[in-house]
Amino acid sequence: HRRCPGETVAKSAVFLIFTGIMRNYKLLPAPGRKFPDVEPLPGLTISPKPYEVLAIPRLS
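Going by this note's numbering, the sequence shown opens with residue 321, and the numbers climb by one from there.
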C-alpha cells in the first residue's frame, strides 16, 4: 500500500492547528443556528455539511 510521503506531516499540522483553536477559543453555534448533524454530504469526496460557528476567545 503506497502513501503520500507528506501524509504524516499533514496530519500532524492539522492536529496542531485544531488543538490550538480548541485551546484558545470556545466554539458555539452562530446566533440563531444549531450544530448540524454528523451525516456527511455524499459526492466525489465525503464532506461535512456547511455550518457557522461563533469563536469566543478563552481569557485564561
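Ideal placement from N, C-alpha and C gives every residue a C-beta, glycine not left out. What you are looking at is a predicted structure, and each value in this text was computed from that prediction instead of being measured.
- Residue pairing of Pro377 in beta bridges, as defined by DSSP: Tyr345.
- A Cβ-Cβ contact shorter than 8 Å links Asn344 with Arg378.
- Of Gly326, Pro356 and Leu361, the smallest CA-CA separation from Tyr371 is found for Pro356.
- In this structure, DSSP gives Leu361 an extended state, which the three-state scheme calls strand.
- The alpha carbon of Leu374 has as its nearest neighbour, out of Phe338, Leu336, Lys354 and Lys331, the alpha carbon of Lys354.
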